[in-house]
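Enquirer: The sequence shown begins at 0 in numbering that gives the first Met the number 0 and counts up by one.
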Amino acid sequence: MIEQPYVYRHAELAEPDWRRLPGWAAVTEQEWASAQWQRSHCVKNIRQLRTVLGDGVDEVFYADLERDQAERATMSMLVPPQMINTIVPRLAPSDPGFTEALYADPVRRYMIPVFSDRRTDWPSHLHASRDSLHEAEMWAVEGLTHRYPTKVLAEVLPTCPQYCGHCTRMDLVGNPTPVVEKHKFTLARDDRLGAMVAYLKASPGVRDVVVSGGDVANLPWPRLEAFVADLLDIDSIRDIRLATKALMGLPQFWLTDEVRAGMERLAATARQRDVSIAIHTHVNAAQSVTPLVAKASKAMLETGIRDVRNQGVLLRGVNNSADQLLDLCFALLDDAKIMPYYFYMCDMIPNAEHWRLGLGEAQQLQHQIMGYLPGFATPRMLCDVPYVGKRWVHQASRYDTERGISYWTKNYRTAVEADDEHALDREYEYYDPIYLLPESGRDWWRAKAAELAVADRAAVRAEPIAAPA
Ligand code: SF4
């Protein structure tokens, strides 16, 4: 037997027993399976979390959470029961060690962040910003980002059934928090969706539409089906991807009769017209892949769509080891039939430094996971470089590891560079977390911060971040 860095073992998926949580001790299987019950029992605040977890959690945790919500959180709390149930799946709150396990839990770390999770030296990078990918600058019409030559991102709504602490669209998605006002769409929903369809009809160079938000699971099904049907009517569109973390966070929605029947209709039309429809979900930890998630994924594949794929986010404390990533990929692939596709580096939004990895770490993880999964299911680690787009982590043209600055080039123009003759020669920068750098690199950034008169980033970021005018 050759010793390997990672040992594959097929792990049976398991649905944790929600009855171990005092607030849901009497919840029946029928209630649990209901999308309506799940939505109406989402945990939205600390009071509701206390009711679910009972008295077993140390008060220190709740104080830590309260401080985070007041001073750091860029997303409000919204966690469906399905996701809460996967946090510390093998302990009841009354068991010894539950609070410690809660602090250490990967799903808790990104869905219910607490103040002590975050960096106090550099909670935000100097170059962190809301809408860090500048998507709104590239809106062809409101909510439709045209960043790549042949594909667009349609942000069809600004809400989700669950809010992730690290959400890259913290600018737009979710409710305001004490530190972040949210940007608001100005057009009414149907006007916005109509304008997107009109733009796409007039843009035959676009063949691929990512229908996202937010999360498409929050659009009333008849409206979502009508929008996708409109896309299927446009001859130039060949790929449609529906973005929904809810396939994992609220699989009950994707298992409803209404949604399954509607997806069957869309898949049948897509097949007739040689268009591929896929679902893209967002799973970051193996424990989130339960039998219900697998059932929802397989139900979607049975409707006749092309694929269900996962786009996770690399997050420290959640999945920043090769073992965690490979466990997740095999859980997705073996029993849920979800294709591991991408892992993005966490974007440079405010208060995210504790989650973000350096480029070198992401490169190392890519190296470590090679060769274990089938090639077609080996996910690529990606850096979404502002004004450039997605790049494999090994594509940096240069990498200054002392200052944590990587340099990237691009091979197409976005609308904002239409008249920029240097767009394809220029190098674009991406930044590693400053606390990871050698002392000389940290000194350089300290001097830079002083230069910009923003030495105390923590104080700056604790103030409300206003929505753009
Ligand atoms: S599901 Fe996606 S869009 Fe919604 S909060 Fe999470 S990361 Fe953001």
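Every residue gets a Cβ at the ideal spot worked out from N, C-alpha and C, and that includes glycine.
If you measure between the beta carbons of F114 and G142, is that distance less than 8 Å?
Expert: For this step, residue 114 is matched to residue 115 along the sequence shown. For this step, residue 142 is matched to residue 143 along the sequence shown. In this structure, G142 does not lie closer than 8 Å to F114 by Cβ.
Enquirer: Taking 7 Å as the cut-off, is the beta-carbon of Y162 closer than that to any non-hydrogen atom of ligand 1?
Expert: Translated into the one-based positions of the sequence shown, residue 162 becomes position 163. Y162: yes, Cβ under 7 Å from ligand 1.
Enquirer: Shorter than 7 Å, the distance from the beta carbon of D214 to the closest heavy atom of ligand 1, or not?
Expert: Position 215 of the sequence shown, counted from the start, is the residue given in the question as residue 214. Because some heavy atom of ligand 1 lies under 7 Å away, the Cβ of D214 counts as near it: yes.
Enquirer: Beta carbon of H279: closer than 7 Å to some heavy atom of ligand 1?
Expert: Counting from one through the sequence shown, the residue named residue 279 turns up at place 280. Outside the cutoff, so no.
Enquirer: Less than 6 Å between C-beta atoms, sequence neighbours within five positions excluded: which residues of the same chain meet that for P203?
Expert: In the sequence shown, the residue the question calls residue 203 occupies position 204. Only S235 meet the Cβ criterion.
Enquirer: Using the rule of at least 16 other Cβ atoms within 10 Å of the residue's Cβ for burial, across every protein chain shown, is V282 buried or exposed?
Expert: The residue labelled residue 282 in the question sits at position 283 within the sequence shown. By the 10 Å Cβ count, V282 comes out buried.
Enquirer: In the DSSP assignment, find the beta strand (DSSP E) that holds R237 and state where it starts and stops.
Expert: Along the sequence shown, one-based indexing puts residue 237 at 238. From DSSP, R237 is part of no beta strand (DSSP E); its letter is neither H nor E.
Enquirer: Within the present structure, is the beta-carbon of M76 separated from the nearest heavy atom of ligand 1 by less than 7 Å?
Expert: If you number the sequence shown from 1, residue 76 lands on position 77. The answer is no for M76.
Enquirer: Contact check, Y429 vs W444 under 8 Å by CB: the rounded distance?
Expert: Here residue 429 corresponds to residue number 430 of the sequence shown, with the count starting at 1. Here residue 444 corresponds to residue number 445 of the sequence shown, with the count starting at 1. Rounded, the Cβ-Cβ distance is 15 Å, inconsistent with contact.
Enquirer: Among P378, L436, V106, M369, which has the Cα closest to the Cα of M344?
Expert: As a first step, residue 344 must be located in the sequence shown, where it is residue number 345. Answer by Cα proximity: P378.
Enquirer: For the alpha helix (DSSP H) containing K389, list its first residue and its last residue.
Expert: Stepping through the sequence shown from its first residue, residue 389 is reached at position 390. Where K389 is concerned, there is no enclosing alpha helix (DSSP H), although the beta strand (DSSP E) it sits in stretches over 388-391.
Enquirer: Beta-carbon within less than 6 Å of L435's beta-carbon, same chain only, minus the 5 sequence neighbours each way: which residues are those?
Expert: Counted from its first residue, the sequence shown places residue 435 at position 436. Taken in chain order, the residues that qualify are G357.
Enquirer: Is any heavy atom in ligand 1 found nearer than 7 Å to the beta carbon of K244?
Expert: Residue mapping note: residue 244 aligns to position 245 of the sequence shown, counting from 1. Yes - ligand 1 has a heavy atom lying nearer than 7 Å to the Cβ of K244.
Enquirer: Who are the near neighbours of S405 in its chain, counting only those whose CB is closer than 6 Å to its CB and skipping five residues on each side?
Expert: For the purposes of this step, residue 405 is identified with residue 406 of the sequence shown, where counting begins at 1. L358, A395, Y398, Y429.
Enquirer: From what residue to what residue does the beta strand (DSSP E) around P339 run?
Expert: Reading the sequence shown from its first residue, position 340 is the one you call residue 339. Where P339 is concerned, the enclosing beta strand (DSSP E) stretches over 338-344.
Enquirer: From L381 to K389, what distance separates their C-alpha atoms?
Expert: Reading the sequence shown from its first residue, position 382 is the one you call residue 381. Reading the sequence shown from its first residue, position 390 is the one you call residue 389. Rounded to the nearest angstrom, the two C-alpha atoms are 6 Å apart.
Enquirer: Closest to P160 by CA distance: which of S320, L291, F252 is it?
Expert: Counting from one through the sequence shown, the residue named residue 160 turns up at place 161. Closest by alpha carbon: F252.
Enquirer: Which class does T268 belong to by DSSP, given the choice of helix, strand or coil?
Expert: Stepping through the sequence shown from its first residue, residue 268 is reached at position 269. T268 falls in the helix class under three-state DSSP.
Enquirer: I want to check one thing, is the minimum distance from the CB of R168 to the heavy atoms of ligand 2 below 7 Å?
Expert: Among the ligands in the structure shown, ligand 2 does not appear; only ligand 1 can be found there.
Enquirer: Just list the residues that DSSP pairs L143 with in beta bridges.
Expert: For the purposes of this step, residue 143 is taken as the residue at position 144 of the sequence shown. According to DSSP, which records beta bridges pairwise, L143 is partnered with V140, A153.
Enquirer: Starting from G311, follow the beta strand (DSSP E) in both directions and report where the run begins and ends.
Expert: As a first step, residue 311 must be located in the sequence shown, where it is residue number 312. Unbroken beta strand (DSSP E) run through G311: 306-313.
Enquirer: Relative to the C-alpha of L237, which residue among Q37, K244, V227, Y7 is closest?
Expert: Along the sequence shown, one-based indexing puts residue 237 at 238. The residue asked about is misnamed: residue 237 is Arg in this sequence, not Leu. Among Q37, K244, V227, Y7, the Cα nearest to that of R237 is on V227.
Enquirer: When you compare only the Cα positions, how much space is there between R117 and Y147?
Expert: As a first step, residue 117 must be located in the sequence shown, where it is residue number 118. As a first step, residue 147 must be located in the sequence shown, where it is residue number 148. Taking the straight line joining both Cα atoms gives about 34 Å.
Enquirer: Count the other CB atoms within 10 Å of the CB of A10; is the residue buried (16 or more) or exposed (fewer)?
Expert: Counted from its first residue, the sequence shown places residue 10 at position 11. Exposed, since its Cβ has fewer than 16 Cβ neighbours within 10 Å.
Enquirer: Pick out whichever of E134, D322, R222 has its Cα sitting closest to the Cα of M369.
Expert: Taking the sequence shown and counting its residues from 1, the one referred to as residue 369 is at position 370. Measuring from the Cα of M369, the nearest candidate turns out to be D322.
Enquirer: I need the DSSP call for R38, collapsed to helix, strand or coil.
Expert: For this step, residue 38 is matched to residue 39 along the sequence shown. Three-state DSSP puts R38 in a helix.
Enquirer: How long is the line joining the alpha carbons of L171 and A13, rounded to whole angstroms?
Expert: What you label residue 171 is simply residue 172 of the sequence shown in a count that begins at 1. What you label residue 13 is simply residue 14 of the sequence shown in a count that begins at 1. Roughly 35 Å separates the two Cα atoms.
Enquirer: Find the nearest neighbour of T413 within the set V205, I111, T98, N174, judged by alpha-carbon distance.
Expert: Taking the first residue of the sequence shown as 1, we reach residue 413 at position 414. Of V205, I111, T98, N174, the residue nearest in Cα terms is V205.
Enquirer: With a threshold of 16 other CB atoms inside 10 Å of the CB of P175, please say whether the residue is buried or exposed.
Expert: As a first step, residue 175 must be located in the sequence shown, where it is residue number 176. Looking at its Cβ environment, which holds fewer than 16 other Cβ atoms inside 10 Å, P175 is exposed.
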